[in-house]
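For this note's numbering, count along the sequence shown from 1 and bump the result up by 20.
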Amino acid sequence: MSVQLPMGISERLTRHRLTRCTATLKELREDMRVTREHYEVMHDDAADAELRAIVSETPSAEAVHRESQGHFVAIQRHRTHLESRIAELEAEQDALLDALAKFERPLS
């Protein structure tokens, strides 16, 4: 069932949704920037811990490696989540911009 909104309400709602979407995208992109930095650091830490665990062959070195690897996997999952969420919001933003273009009235 489709509801017919009064004239102008639909455009305002679309603009409001676009504003919210844009703000969320800005926040997620900043989070992605920070996450990428952490990703690189954790990747290096996990690789170093793995090498130390192989060379030293001690239980404590192996425990450090497992912990570092766990942190790396977690940040990797977070990065993947951010990438998909940003892609979803960019698609939503495009759709909202297309909807707003339909509201534009030609100048006479």
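Beta carbons are placed, not taken as given, at the ideal position from N, Cα and C, and that holds for glycine.
Remember, predicted model here, so these are calculated numbers, not experimental data.
Once you ignore the five residues that flank A73 on each side, which residues in its own chain have a CB closer than 8 angstroms to its CB?
Once the five neighbours on either side are set aside, the close Cβ partners of A73 are A81, E82, V84, H85.
In whole angstroms, what separates the C-alpha of S76 from that of E103?
Looking at the two C-alpha atoms, the distance is approximately 37 angstroms.
Measure the alpha-carbon distance for M52 versus R99 and round it to whole angstroms.
The alpha-carbon atoms of M52 and R99 are separated by roughly 7 angstroms.
Using the beta-carbon count (16 or more within 10 Å), is A107 buried or exposed?
Exposed, since its Cβ has fewer than 16 Cβ neighbours within 10 Å.
Please report the distance separating the alpha-carbon of L116 from that of R37.
Cα to Cα, the separation comes out at about 8 angstroms.
Check whether the Cβ atoms of A66 and H91 sit closer than 9 angstroms, and answer yes or no.
Yes, the pair counts as a contact, with Cβ atoms nearer than the cut-off.
Could you work out which residue in V61, E112, E87, R56 is closest to T44 when comparing CA atoms only?
Closest by alpha carbon: E112.
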